[in-house]
Structures are given as structure tokens and as C-alpha cells.
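With positions in the sequence shown counted from 1, the corresponding number in the numbering used here is that position plus 2.
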Amino acid sequence: MSEAKEPSASRRAFLTTGVAAAALVPATARAKDDPAITGLPSWTTTPGEGVDARPYGTPSQYEKHVVRRNVEWLTASPVSSVNFTPLHELDGIITPNGLCFERHHAGIAEVDPGQYRLMINGLVDSQLVFTLEDLLRFPRQNHVYFLECAANGGMEWRGAQLNGCQFTHGMIHNVMYTGVKLSLLLKEAGVKTSAKWLLAEGADASGMTRSIPMEKALDDCLVAFKMNGEALRPEQGYPVRLVVPGWEGNMWVKWLRRLELGDKPWHHREETSKYTDLLESGVARRFTWEMDAKSVITSPSPQAPIKHGSGPTVLTGLAWSGRGTIPRVDVTLDGGKNWVRARIDGPSLSKSMHRFYYEFKWNGEPLLLQSRAHDSTGYVQPTKDELREVRGKNSIYHNNSIQTWHVSEKGVVENVEIS
Ligand SMILES: Nc1nc2c(c(=O)[nH]1)N[C@H]1C(S)=C(S)[C@@H](COP(=O)(O)O)O[C@H]1N2
Ligand SMILES: [Mo]
């Protein structure tokens with residue numbers, strides 16, 4: 003891999019002249035003869051709807067295309083399926099609640115909060131059962147974390163396949179959670195010294211269960227009841243879900259109803275037949291919990307082509323790591339021959355998405371766009387070939403390789419692979 007270079011001389015010149023002399027971006031509209039400025043549209047001449055019209059707000063009618071989408075051929079039934087976050091339409095680092103991708107194995111459980119119970123049993127001094135009211139009387143914490151399904155990018159292992167970052171990378175969301183530290187609840191029950199593992203169980207019809215080592219359970223896990231300030235959505239596990247920061251999404255049990263303490267892992271379905279990585283040798287790697295550093299350019303991308311022609315162009319994307327923060331993201335416009343450092347903007351939080359930008363002057367020629375994340379442990383996101391060398395081609399899960407987008411002279415963007 004080549005070293006990241008500082009911005010080129012021409013880019014520096016563009017930035018200086020942009021600030022000192024001419025406007026950064028040439029204005030396209032002119033006041034004279036433009037009905038959008040000389041005219042009087044209905045919203046200017048007539049009062050709009052009152053404060054009683056939208057008791058729970060929804061986006062503008064012109065934003066109807068910004069929705070979760072699914073890939074029809076991917077799964078047989080919508081109750082055991084996945085839809086994808088429209089990453090190409092979003093900015094900043096927070097995923098709006100209504101756009102968080104959904105993955106459930108037996109549909110959305112509609113849990114009555116009055117009948118909600120959380121039980122702690124197994125290797126504890128006293129078995130406990132909490133109501134939702136009980137949970138609300140413990141001290142709370144707020145944290146922003148990404149949740150990424152281990153299958154994110156799973157369709158791309160053997161070659162470029164899905165045309166859009168919504169589909170190649172959209173099994174992720176980044177939300178501020180409010181909840182109680184799991185360690186606090188476990189201490190209430192009194193963890194026996196023989197307890198080394200925790201089983202988290204969901205209340206939905208899938209009977210979702212995962213084994214979590216005690217060190218993680220006592221470290222930063224949360225029992226969460228709020229997302230981005232409001233109650234969890236039913237899709238995300240209302241009224242309570244487990245938050246397992248930095249670890250694969252499957253472990254973040256929704257509609258959480260039971261925590262059992264034991265002395266060994268349970269080896270249930272979701273940690274044996276699923277979410278394990280079949281290596282070239284035929285051996286399956288189990289328990290790949292931490293999500294390695296990854297990034298993707300969200301615009302330009304296949305669903306967000308360049309429509310304005312050559313000239314000033316904003317490139318933006320997301321980067322994240324299950325092991326810490328993202329101090330650095332590199333981008334290349336020429337398929338990896340030259341790398342420049344992107345600008346990270348907004349909060350840099352551990353195990354949270356980071357937003358990066360790279361502003362450049364497009365000369366109208368074809369581009370091969372890539373981004374490469376570095377995390378706070380020093381780990382660098384691998385190319386697809388580098389990852390395949392280690393993992394072979396049988397894998398589905400844990401694909402954190404570098405994504406390539408091809409931009410044509412017309413600004414049309416496609417998912418491609420280069421080696
Ligand atoms: N109870 C329960 N929890 C669950 C699941 C489920 O089907 N049932 N799906 C898991 C999987 S595979 C993932 S990737 C995440 C998805 O979380 P989300 O729907 O909030 O995106 O929830 C996990 N927790
Ligand atoms: Mo998942």
C-alpha cells in the first residue's frame with residue numbers, strides 16, 4: 003500500500019484562490035428572469051398548516067425517496083429479513099430513528115411496556131425480575147454507538163455486486179442511546195465468581211440468544227430504552243434492547259427479556275451456524291465479536307451521482323471502528339495511485355461513526371474513488387485482495403474491505419472492483 007500524501011500543489015492553489023479571490027462555488031442562478039426568485043409561489047402567498055397538523059413530525063413531502071430499502075432476492079420472507087439505511091442521503095453522524103436499518107429473524111415484536119419484564123438468573127446470588135419502571139430508577143448514561151450487522155457487505159465478497167452504498171454498507175446505524183449500565187444490574191443480582199459468560203435472550207418469536215463474555219458485559223454494555231432521545235422504535239427492540247458497543251449487531255439483543263449467567267458459552271444457533279467465518283482451510287472461525295475499522299464514500303456513489311458537471315465537488319463518507327475512534331481517513335480519486343487525507347468533521351467518539359469530507363475540483367475525467375480508515379489502535383482498513391488473502395472466498399460475514407466506486411465522465415457512479 004502506498005503512503006498517504008499531503009494534498010497536491012494544485013489542490014492547495016484551489017483552496018487559497020477559492021478563499022482569497024473568486025467564489026468557492028460559482029453561483030448557477032441569476033436574479034433577473036428566474037421565476038424562482040421573481041415569482042410568488044403558493045407558500046409565500048398563503049399561510050400553511052397550523053401547529054395542530056403534525057403532532058408527530060415527518061419529513062418534507064419532497065423527501066419521500068429517503069427511505070429504508072430492501073434487496074428482494076436476498077431473503078425469502080420479510081419477517082426474517084433485512085432492510086438498509088439510505089446512507090447516501092444522510093449527513094453528519096446520527097442516523098434518524100425512522101431510517102435505521104432493520105434486521106429481525108421473526109418480525110417486529112410489539113411488546114406492551116406494562117407487561118415488560120427483564121429477568122436475571124443463573125450464577126447469581128439472587129434471581130431478579132425488573133419492570134420497565136424499575137429500570138427507569140437506576141442512574142442513566144448517554145452514548146453514541148454504531149451498530150453494524152456482521153453481514154454488512156456480505157454479498158460483495160466474490161465481486162462487486164450491489165449498486166449503491168445503501169445496499170453494500172447500509173446494515174449500519176449510529177444512534178445516541180440512553181440506558182443503564184449492564185454491570186450495574188448484574189451487580190444488583192450479585193455475580194458469582196464462577197460466572198464467566200452471559201446469555202442475552204430476546205422476547206420475540208425468534209428466541210434470539212447470544213453468549214457474551216463477562217469482561218464485555220461488565221465493561222461498556224448498556225440496557226437501553228431510548229434512541230436519539232425518544233423511546234426505542236419497535237423495529238429496534240422497544241421497550242429495551244442490549245447495546246454491545248463495537249461488537250457485531252447480532253449480539254445487540256432486541257426486546258431483551260432475560261440475562262442468564264453461566265460458566266461457559268452456550269453455542270446457540272446465532273453463534274455457530276450463523277455469524278461464524280468459514281476459512282479457506284475449511285475451519286470456521288467463531289466469535290468474531292469486534293467490528294474492524296471500515297469506511298465508505300457515501301457521495302458520490304451509485305445512488306448519488308455527480309449531476310453538476312466538472313468543477314467544485316464535495317466528496318463525503320463515513321468511517322467507524324469497533325475498537326475506538328477514527329483519527330484518519332485517506333481518500334483516492336485514481337484507484338489508489340495517490341492518496342490524500344480527508345477532513346474529519348463533527349464529534350470523534352469511540353465506537354461511533356465519523357463523518358469525513360474531501361472537497362476537490364473535478365476535471366470531468368473518470369475517477370476511481372476509494373476511502374481507507376485508520377483507527378486509534380493503528381489498524382488500517384485492508385483492500386479486498388488483502389482481506390481475501392487472509393479469509394479466503396467462503397466468507398459472508400465481517401467484510402471490512404475498501405470499496406471502489408467508478409465515476410464516468412457523465413458523473414454516473416458504479417460499484418466496481420480493482421486489484
Ligand atoms: N431479539 C432479537 N434481537 C436481535 C435480532 C432479532 O432478530 N431478534 N436481530 C439481530 C441482528 S442479526 C442484528 S444485525 C441487529 C439489528 O438491529 P436493528 O434492527 O436495530 O438494526 O439486531 C440483533 N438483535
Ligand atoms: Mo445481523
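Every residue, glycine too, gets a C-beta built ideally from N, C-alpha and C.
query: Which first and last residues belong to the beta strand (DSSP E) in which A321 is found?; result: G313 to W322
query: Roughly how many angstroms lie between the CA atoms of I122 and T290, to the nearest whole one?; result: 25 Å
query: So if DSSP puts G124 in a beta bridge, which residue, or which two residues, is it bridged to?; result: L263
query: Give every residue of the same chain whose Cβ lies closer than 6 Å to the Cβ of I346, excluding the five residues on either side of it in the sequence, and list them in chain order.; result: H356 and F358
query: Closer than 8 Å by C-beta to V331: which residues in its own chain qualify, once you throw out the five before and the five after it? Chain order, please.; result: S297, G319, A321, R343, A344, I346, H356, F358, S373, R374, A375 and H376
query: Establish whether the CB of V68 and some CB of chain D are separated by less than 9 Å.; result: Protein chain content of the structure displayed is limited to a single chain, and chain D is not contained in it.
query: Is any non-hydrogen atom of ligand 2 found closer than 8 Å to the C-beta of G251, if you look at the structure I gave you?; result: yes
query: Checking the sheet assignment: what are the DSSP bridge partners for Q143?; result: G181
query: Around the Cβ of A295, are there at least 16 other Cβ atoms within 10 angstroms (buried) or fewer (exposed)?; result: buried
query: Report yes if the C-beta distance between L370 and V418 is below 9 Å; otherwise report no.; result: yes
query: Within 10 angstroms of its Cβ, does A306 collect 16 or more other Cβ (buried), or is it exposed?; result: buried
query: On the three-state DSSP scale, how would you describe L389?; result: helix
query: Which runs of the alpha helix (DSSP H) at least 4 residues long sit entirely within the region 214-254? Give them in chain order.; result: 216-221
query: Thinking L184 and A219 are a contact (beta carbons under 8 Å), I'd like their distance in whole angstroms, please.; result: 6 Å
query: Using 8 Å as the threshold, is the region 281-288 in touch with the region 209-225, meaning 3 or more CB pairs across them?; result: no
query: Suppose you measure from the CA of S378 to the CA of E292; what does that come to, to the nearest Å?; result: 14 Å
query: If you reduce the DSSP assignment to three classes, tell me which class E150 lands in.; result: strand
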